[in-house]
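Asker: Below: one structure in structure tokens.
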Amino acid sequence: MHKILTLLFVFLSLNVFGQNDTIKYEIMNKEKNYILFLYPDNAFQFNDVSGSCRTWYSFDGIWKKENQKLILIDSIEVMEHELKISEKSNHTDFILINVKNEENKPLKGVFISFSPIEPNKKYKTNRKGQVEIQKSVLKNMFKNDADVEMYYHNKNIPAQILSYFKSNADQIDITDTENLKTKNIVRKTFFNIKNDEIYFDTQQYSYKVWNFWIDSWGNFKQITK
30 MHKILTLLFV
40 FLSLNVFGQN
50 DTIKYEIMNK
60 EKNYILFLYP
70 DNAFQFNDVS
80 GSCRTWYSFD
90 GIWKKENQKL
100 ILIDSIEVME
110 HELKISEKSN
120 HTDFILINVK
130 NEENKPLKGV
140 FISFSPIEPN
150 KKYKTNRKGQ
160 VEIQKSVLKN
170 MFKNDADVEM
180 YYHNKNIPAQ
190 ILSYFKSNAD
200 QIDITDTENL
210 KTKNIVRKTF
220 FNIKNDEIYF
230 DTQQYSYKVW
240 NFWIDSWGNF
250 KQITK
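Just so you know, we're using the numbering used here here: the sequence shown kicks off at 30 and counts up by one.
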């Protein structure tokens, strides 16, 4: 009898979570019109059909279930500037950031931020392509090493320096090669499963880009099997 009950439970679990059938979910927020399909081959499709048809969009990926969580995995393609960085220790009471191109011309109007220490604070390069920041302003920030992110407000293309500069560096020279590269980022979106409903939990990105943030997809209710 125990074996029969176990097999029955496994069979029902597979059916409920769509491995034998396509599952359709609709968002519970009536102000939006999101539809999510989970297919038997572990593919998913997310459709936003809110508002005018001109703004509709969809994307797809794969899904899996782990410990009462639904995980949707898809990829995003972004364009970035290729950057080079060097650093010096001049023992000054300020940090000097120089931004230039490969022809050694200064780049004006580039926004610099320190992440993850102070991601919302932006410093703008002057006509010499420089930003000067007093160490007294940052003294509470540099408990650990930090990376630098750059954002070109006139080009709207983000770039992130992958290497780290040490907290004792007080001159940072950044060279923008002005070459664009394509990068594929893996996004994981997590939902908590509660019966025939799923509730948005969080998102994770394989690579952090300036203007990426956790974007709540909302909560969904299953409407078909």
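Even glycine gets a Cβ: it sits at the ideal position worked out from N, Cα and C.
On a predicted model such as this, the values are computed, not experimentally measured, just so you know.
Under a Cβ-count criterion, where at least 16 other Cβ atoms within 10 Å of its own Cβ denotes burial, should Asp199 be classed as buried or exposed?
Answerer: The sequence position of residue 199 within the sequence shown is 170, counting from 1. When all chains shown are included, Asp199 counts as buried.
Asker: Taking Thr206 and Glu132 to be in contact with their CB atoms under 8 Å, please state how far apart those CB atoms are, rounded to whole angstroms.
Answerer: Walking along the sequence shown from the start, residue 206 turns up at place 177. Walking along the sequence shown from the start, residue 132 turns up at place 103. Wrong, their Cβ atoms sit about 11 Å apart, outside the cutoff.
Asker: Would you call the CB atoms of Arg216 and Asp70 closer than 8 Å?
Answerer: Mapped onto the sequence shown, residue 216 falls at position 187. Mapped onto the sequence shown, residue 70 falls at position 41. Taking 8 Å as the Cβ cut-off, Arg216 and Asp70 do not qualify as a contacting pair.
Asker: Answer yes or no: do Leu112 and Gln159 have a C-beta to C-beta separation smaller than 8 Å?
Answerer: Numbered from 1 along the sequence shown, position 83 holds the residue referred to as residue 112. Numbered from 1 along the sequence shown, position 130 holds the residue referred to as residue 159. It is not a contact, given that the beta carbons lie outside the stated cut-off.
Asker: Ends of the beta strand (DSSP E) at Asn127?
Answerer: By 1-based counting over the sequence shown, the position of residue 127 is 98. Per DSSP, Asn127 belongs to the beta strand (DSSP E) from Phe123 to Asn130.
Asker: Taking Asp50 as the reference, which of Gly247, Lys59 and Phe66 has the closest Cα?
Answerer: Taking the first residue of the sequence shown as 1, we reach residue 50 at position 21. If we check each option's Cα against that of Asp50, Phe66 comes out closest.
Asker: Just to confirm before moving on: does the CB-CB distance between Ile222 and Gln97 stay below 8 Å?
Answerer: The residue you call residue 222 lines up with position 193 of the sequence shown. The residue you call residue 97 lines up with position 68 of the sequence shown. Yes, Cβ-Cβ distance for Ile222 and Gln97 is below 8 Å.
Asker: Taking the alpha carbon of Phe220 as the point to measure from, which residue in Phe249, Ser235 and Ile203 has its own alpha carbon closest?
Answerer: Taking the sequence shown and counting its residues from 1, one reaches residue 220 at position 191. Of Phe249, Ser235 and Ile203, the residue nearest in Cα terms is Phe249.
Asker: With 16 as the cutoff for other CB atoms within 10 Å, does Leu209 come out buried or exposed?
Answerer: As a position in the sequence shown, residue 209 is number 180, starting the count at 1. So Leu209 counts as exposed.
Asker: Taking the beta strand (DSSP E) that Gly90 belongs to, which residues open and close that run?
Answerer: If you number the sequence shown from 1, residue 90 lands on position 61. Segment Tyr86 to Glu95, the beta strand (DSSP E) holding Gly90.
Asker: Which residues in the same chain have their Cβ closer than 7 Å to the Cβ of Ser235, if we skip the five residues on either side of it in sequence?
Answerer: The count along the sequence shown starts at 1 and reaches residue 235 at position 206. Same-chain partners within the cutoff: Ile214 and Val215.
Asker: Are the Cβ atoms of Gln232 and Thr211 separated by less than 8 Å?
Answerer: Counting from one through the sequence shown, the residue named residue 232 turns up at place 203. Counting from one through the sequence shown, the residue named residue 211 turns up at place 182. Contact: no.
Asker: Do Ile162 and Tyr54 come within 8 Å of each other at the CB atom, strictly closer than that value?
Answerer: What you label residue 54 is simply residue 25 of the sequence shown in a count that begins at 1. What you label residue 162 is simply residue 133 of the sequence shown in a count that begins at 1. No, Cβ-Cβ distance for Tyr54 and Ile162 is not below 8 Å.
Asker: Starting from Leu209 and walking both ways along the beta strand (DSSP E), at which residues does that stretch end?
Answerer: Counting from 1 along the sequence shown, the entry for residue 209 is found at position 180. Element bounds for Leu209: Gln200 to Lys223.
Asker: Ordered along the chain, which non-local residues of its own chain (more than five positions away) have a Cβ less than 6 Å from that of Lys157?
Answerer: Here residue 157 refers to the residue found at position 128 when the sequence shown is read from its first residue. Around Lys157: Pro135.
Asker: Out of Lys151, Tyr63, Ala72 and Thr84, which has the shortest C-alpha to C-alpha gap to Ile100?
Answerer: Position 71 of the sequence shown, counted from the first residue, corresponds to residue 100. Nearest option by C-alpha distance: Ala72.
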